[in-house]
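Novice: Okay, here's the structure, questions in a sec.
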Amino acid sequence: MEREQPPLGSARVTSAIAASVTRPRFSASTLSTWRRWRDRFFFVLFFASVAIGILGLAALVIDVMTDGLGALDFSFLNSYPSRHAGESGIRAALFGTIWITVGTAAFAIPIGVGTAIFLEEFAPDHWAVRLVQLNISNLAGVPSIIYGILGLALFVQAFALDRSVLAGSLTMTLLVLPIVIIVSQEAIKAVPEEFRDAAFALGANRWQVVKTVVLPQAIPGIMSGIILALSRAVGEAAPMLMISSLVFLTFIPSSPNDRFTVLPVQIFNWVSLPQPGFQAVASAGIIILLAVLLSLNSIAIWIRNRYQTRY
Amino acid sequence: MLVVLLLATLVSVLATVGIIYTLLRESYGFFQVVSVWEFIAGTRWAPLFEPQAFGVLPLIAGTLLAAGIAGIVALTLGLGAAIYLSEYAPDRVRRIIKPVLEVLAGIPTVVYGFFALSFVTPLLQSFLPIPVIFNVLSAGIVMGLMIMPMVSTLSEDAMVAVPRELRDAAYALGATRFEVATKVVVPAALPGIVAAFILALSRAIGETLIVTIAAGATPNLTLNPLESIQTMTAYIVQVSLGETPQGTLVFKTIFAVGLLLFLMTLIMNIVGRWVVRRYTERY
């Protein structure tokens with residue numbers, strides 16, 4: 001059936017003649033109308049998929065804003081959690097998030113970028129290296145809660161770090177490490193081979209090439225990738241929930257050995273409280289969290305656009 | 001200096017070793033007391049109550065039900081969006097819509113959990129008989145919204161890779177855009193689409209916060225999307241937040257459940273990548 005259908009467009013006249021010989025006239029014209037309607041119908045349907053996605057996003061933002069804007073003021077930013085919704089604030093979680101993010105960056109950047117440099121510039125084409133690479137992409141797909149289990153068993157218990165900022169940062173480091181490695185590798189790969197060849201031709205050794213040619217070119221890409229990885233860490237709740245637990249903190253960590261809470265954990269805490277007032281507090285916390293993520297992402301995009309060179 | 005780089009590289013290897021070692025060691029302790037068969041085939045999960053029961057099937061059912069709903073939502077919306085973006089949308093529109101959709105993938109899961117509980121559940125309750133506030137349908141739908149950009153981006157990448165000549169040939173034969181999309185582009189890009197779907201499902205299976213907040217904490221062997229359930233991830237959160245002393249049998253359950261979760265997502269990720277490598281057409 002399908003193949004016998006007359007084509008649309010310019011060849012329509014001839015095909016209509018052909019169709020009138022082989023088949024009753026109406027089938028040719030109704031089929032082409034049907035195909036045109038089907039085309040339009042599915043166009044609407046495909047566009048609707050996009051529209052539903054965007055509407056979902058809009059509904060989420062509006063839902064959070066209407067619930068939370070009323071509770072958002074300076075005292076919310078500057079207060080500790082409280083049993084009374086009206087007096088609750090996000091100070092401890094905000095500073096906890098800063099601690100964890102800085103701690104994660106301190107470990108994840110050197111380890112991640114180091115791994116990427118090794119894999120891209122030094123590692124031989126060997127089965128063990130390919131296994132390491134495969135392992136990294138598998139780690140990127142491990143559910144975040146599994147990193148929570150690992151952090152709990154390894155850092156909190158075995159290393160006896162307790163539920164500290166340090167234990168949280170190390171757990172988060174393992175979680176974002178695959179992302180940092182992969183984005184750094186992409187940035188290093190994007191540096192054209194000719195640049196390296198030119199430096200080698202001038203007599204530079206591997207190290208000098210990496211230090212003076214590859215890294216300066218790759219750093220904007222690496223930076224924006226790292227910021228995106230860190231913004232993943234800022235929003236990640238599951239492992240932090242396991243490491244920090246739902247504590248009622250009325251202080252800011254003053255050393256890496258102190259207990260902590262982070263924004264997503266604090267928000268989860270408020271969301272799970274049944275008293276109605278806490279929904280508004282949770283929304284206000286979400287607005288702060290989204291604002292932090294939005295600024296991090298804007299910085300990453302700005303770096304990419306500002307420093308990106310096309311070859 | 002090269003040694004330092006090598007040591008950095010070893011960290012990621014040690015992370016894997018650490019995950020597998022930790023999960024296996026504690027699970028071993030658990031399986032000394034509870035038989036593997038009782039764990040895998042048991043239909044009642046109640047480690048926190050007397051009489052205790054350690055059948056993980058209700059948790060698996062809950063996890064798969066939530067991920068299944070998310071998968072249906074994400075495949076429908078994601079594939080539709082991918083076809084629109086790759087076959088219909090003018091370049092200018094595409095450049096605006098794509099990043100907006102990808103914002104969905106960057107929103108923290110705790111925010112989605114709140115959205116499910118405070119917006120989607122009341123909306124569903126207005127026309128569906130949902131007995132308690134916690135239900136897997138709401139969590140699944142929201143999770144589908146979360147993984148939709150993953151399906152659409154990966155599928156669109158696969159579709160864009162289909163050569164122009166194939167489309168032009170079909171258009172020259174008089175095909176409509178819909179026919180080109182569904183009979184030429186989608187079949188040619190199918191491995192990429194299947195892989196996108198598998199990887200997105202694996203994300204949904206490992207997702208924690210949405211199901212913990214919106215789907216409840218009732219291990220429940222059911223296929224009814226209106227009921228409250230508990231997923232594997234939500235159970236792990238429940239125990240680690242509770243008063244369970246470390247080292248007890250109940251505490252060890254999170255490692256056994258974690259091991260199962262790790263294996264499920266690992267297999268799906270490997271299969272997803274294998275599908276792409278094995279079946280991708282090279283033009």
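If you're matching them up, the sequences are chains A and B in order. Position 41 (the first sequence) corresponds to 41 in our numbering; numbering is contiguous. Position 194 (the second sequence) corresponds to 194 in our numbering; numbering is contiguous. From the three backbone atoms N, C-alpha and C, an ideal C-beta is built for every residue, glycine too.
Whole angstroms are fine: how far does the CA of A:Phe155 sit from the CA of B:Leu117?
Specialist: Within the second sequence, residue 117 of chain B is the residue found at index 117, counting from 1. Within the first sequence, residue 155 of chain A is the residue found at index 155, counting from 1. Cα to Cα, the separation comes out at about 33 Å.
Novice: Is A:Ala291 close to chain B, meaning its C-beta is less than 8 Å from at least one C-beta of that chain?
Specialist: To locate residue 291 of chain A, count along the first sequence from 1; it is residue 291. Judged by the 8 Å Cβ criterion, A:Ala291 is not in contact with chain B.
Novice: Where does B:Arg44 sit, in a helix, a strand or coil, going by DSSP?
Specialist: For the purposes of this step, residue 44 of chain B is identified with residue 44 of the second sequence, where counting begins at 1. B:Arg44 falls in the coil class under three-state DSSP.
Novice: Assign A:Arg306 to one of three DSSP states: helix, strand, or coil.
Specialist: In the first sequence, counting from the first residue as 1, residue 306 of chain A sits at position 306. A:Arg306: helix per DSSP, three-state reduction.
Novice: On the three-state DSSP scale, how would you describe A:Arg232?
Specialist: Reading the first sequence from its first residue, position 232 is the one you call residue 232 of chain A. The answer is helix: DSSP assigns A:Arg232 an H, G or I state.
Novice: Look at the Cβ atom of A:Met172, then the Cβ atom of A:Ala106, and state whether they are nearer than 8 Å.
Specialist: Within the first sequence, residue 172 of chain A is the residue found at index 172, counting from 1. Within the first sequence, residue 106 of chain A is the residue found at index 106, counting from 1. No, Cβ-Cβ distance for A:Met172 and A:Ala106 is not below 8 Å.
Novice: Any beta carbon of chain B sitting closer than 8 Å to that of A:Pro276?
Specialist: The sequence position of residue 276 of chain A within the first sequence is 276, counting from 1. So no, A:Pro276 is outside the interface.
Novice: Can you tell me whether A:Gln266 is buried or exposed, with buried defined as 16 or more other CB within 10 angstroms of its CB?
Specialist: For the purposes of this step, residue 266 of chain A is identified with residue 266 of the first sequence, where counting begins at 1. Its Cβ being crowded by 16 or more others within 10 Å, A:Gln266 is buried.
Novice: Taking DSSP as the reference, what is the three-state secondary structure of A:Phe76?
Specialist: On the first sequence, residue 76 of chain A is found 76 positions in, with the first residue counted as 1. Note: A:Phe76 maps to helix in three-state DSSP.
Novice: With a threshold of 7 Å on Cβ separation, who are the neighbours of B:Gly78 within its own chain once the five nearest residues in sequence on each side are excluded?
Specialist: The residue you call residue 78 of chain B lines up with position 78 of the second sequence. Counting only Cβ-Cβ distances below 7 Å, and skipping sequence neighbours, we find Met148, Val151, Ser152, Ser155.
Novice: Within the same chain, show all residues whose beta-carbon is closer than 6 Å to that of A:Ala108, passing over the 5 residues directly before and after it, in chain order.
Specialist: Sequence index remark: in the first sequence, residue 108 of chain A carries index 108 (1-based). Closer than 6 Å at the Cβ level, and outside the excluded window around A:Ala108, lie Thr173, Val176, Leu177, Val180.
Novice: Have a look at B:Ala15, B:Leu261, B:Leu190 and flag the residue whose alpha-carbon is nearest the alpha-carbon of B:Met159.
Specialist: Position 159 of the second sequence, counted from the start, is the residue given in the question as residue 159 of chain B. Ranking B:Ala15, B:Leu261, B:Leu190 by Cα distance to B:Met159 puts B:Leu190 first.
Novice: Roughly how far, in whole angstroms, is the beta-carbon of A:Phe278 from the beta-carbon of A:Ala237, given that I think they are within contact range, below 8 Å?
Specialist: The residue labelled residue 278 of chain A in the question sits at position 278 within the first sequence. The residue labelled residue 237 of chain A in the question sits at position 237 within the first sequence. Wrong, their Cβ atoms sit about 17 Å apart, outside the cutoff.
Novice: Using DSSP's beta-bridge definition, name the partner residues of B:Ala53.
Specialist: In the second sequence, the residue the question calls residue 53 of chain B occupies position 53. The partner list for B:Ala53 (beta bridge, DSSP) reads B:Ala46.
Novice: Can you tell me the Cβ-Cβ gap for A:Leu139 and B:Ala15, rounded? I've got them flagged as a contact below 8 Å.
Specialist: Counting from one through the first sequence, the residue named residue 139 of chain A turns up at place 139. Counting from one through the second sequence, the residue named residue 15 of chain B turns up at place 15. 6 Å between Cβ atoms; contact.
Novice: Excluding the five sequence neighbours on either side, which residues of its own chain have a C-beta within less than 7 Å of the C-beta of A:Ala11, listed in chain order?
Specialist: Counting from one through the first sequence, the residue named residue 11 of chain A turns up at place 11. Low local confidence applies: a pLDDT of 43 at A:Ala11 is under 50, so the model's placement there is unreliable, with the coordinate-based value given in what follows. Contacts found: none.
Novice: Go ahead and label B:Glu26 buried or exposed: buried means 16 or more other beta carbons lie within 10 angstroms of its beta carbon, across all protein chains shown.
Specialist: By one-based count along the second sequence, residue 26 of chain B stands at place 26. Result: buried.
Novice: Shortest alpha-carbon distance to B:Thr121 belongs to which of A:Ser184, A:Leu60, A:Arg36?
Specialist: Mapped onto the second sequence, residue 121 of chain B falls at position 121. For the residues A:Ser184, A:Leu60, A:Arg36, the minimum Cα distance to B:Thr121 belongs to A:Leu60.
Novice: Is the CB-CB distance between B:Leu5 and A:Gly114 below 8 Å?
Specialist: For this step, residue 5 of chain B is matched to residue 5 along the second sequence. For this step, residue 114 of chain A is matched to residue 114 along the first sequence. Yes.
Novice: Does the Cβ of A:Gly391 have 16 or more other Cβ atoms within 10 Å, making it buried, or fewer, making it exposed?
Specialist: Outside the shown range of chain A, which is 1 to 311, sits residue 391 of chain A, and nothing can be said about it.
Novice: Rounded to a whole number of angstroms, what is the C-alpha to C-alpha distance between A:Ile288 and A:Arg206?
Specialist: Mapped onto the first sequence, residue 288 of chain A falls at position 288. Mapped onto the first sequence, residue 206 of chain A falls at position 206. A:Ile288 and A:Arg206: Cα-Cα distance of roughly 45 Å.
Novice: Please report how far the alpha carbon of A:Val247 lies from the alpha carbon of A:Thr261, in whole angstroms.
Specialist: On the first sequence, residue 247 of chain A is found 247 positions in, with the first residue counted as 1. On the first sequence, residue 261 of chain A is found 261 positions in, with the first residue counted as 1. Rounded to the nearest angstrom, the two C-alpha atoms are 7 Å apart.
Novice: Thinking just about the alpha-carbon of each residue, which of A:Gln275, A:Met223, A:Val213 is nearest to the one in A:Ile301?
Specialist: As a working mapping, residue 301 of chain A is identified with position 301 in the first sequence. Closest by alpha carbon: A:Met223.
Novice: Name the chain E residues that come within less than 8 Å of B:Gln246, Cβ to Cβ?
Specialist: Of the protein chains in this structure, namely A and B, none is chain E.
Novice: Should B:Asp168 be labelled buried (16 or more other beta-carbon atoms within 10 Å of its own) or exposed?
Specialist: Residue mapping note: residue 168 of chain B aligns to position 168 of the second sequence, counting from 1. Exposed is the call here.
Novice: Alpha helix (DSSP H) containing B:Met159: first to last residue?
Specialist: Taking the second sequence and counting its residues from 1, the one referred to as residue 159 of chain B is at position 159. Start and end: 136-160.
Novice: Could you give the distance in angstroms between the alpha-carbon of B:Ala61 and the alpha-carbon of B:Val132?
Specialist: In the second sequence, the residue the question calls residue 61 of chain B occupies position 61. In the second sequence, the residue the question calls residue 132 of chain B occupies position 132. Roughly 19 Å between the two C-alpha positions.
Novice: Under 8 Å, with one C-beta from each stretch per pair, do the stretch 239-259 of chain A and the stretch 18-36 of chain B reach the 3-pair mark?
Specialist: With the cut-off at 8 Å, the stretch 239-259 of chain A and the stretch 18-36 of chain B do not touch.
Novice: For a quick check, are the C-beta atoms of B:Ala195 and B:Leu166 less than 8 Å apart?
Specialist: Position 195 of the second sequence, counting from 1, holds the residue named residue 195 of chain B. Position 166 of the second sequence, counting from 1, holds the residue named residue 166 of chain B. Going by C-beta atoms, B:Ala195 is not nearer than 8 Å to B:Leu166.
Novice: Tell me whether B:Ser118 sits in a helix, a strand or coil according to DSSP, three-state version.
Specialist: Mapped onto the second sequence, residue 118 of chain B falls at position 118. It is helical.
Novice: With which residues is A:Arg259 paired in a DSSP beta bridge?
Specialist: Residue numbering aside, residue 259 of chain A sits at position 259 when the first sequence is read from its first letter. A:Arg259 is bridged to A:Ser164.
Novice: Under a three-way DSSP split, which group does B:Thr16 fall into?
Specialist: Within the second sequence, numbered from 1, the residue matching residue 16 of chain B stands at position 16. Residue state, collapsed to three classes: helix.
Novice: So for A:Ser169, helix, strand or coil by DSSP?
Specialist: Sequence index remark: in the first sequence, residue 169 of chain A carries index 169 (1-based). Helix.
Novice: For a cutoff of 8 Å on Cβ pairs, would you count A:Arg35 as touching chain B?
Specialist: Taking the first sequence and counting its residues from 1, the one referred to as residue 35 of chain A is at position 35. Taking Cβ atoms only, chain B reaches closer than 8 Å to A:Arg35, which makes this a yes.
Novice: Which residues in chain B sit within 9 Å of A:Ser224, going by Cβ to Cβ distance?
Specialist: Start at 1 with the first residue of the first sequence, and residue 224 of chain A comes out as number 224. Near A:Ser224 there are no residues of chain B at all, since even the closest Cβ is about 14 Å away, more than 9 Å.
Novice: With DSSP collapsed to three states, give me the class of B:Thr182.
Specialist: Residue numbering aside, residue 182 of chain B sits at position 182 when the second sequence is read from its first letter. If DSSP states are grouped into helix, strand and coil, B:Thr182 belongs with the helices.
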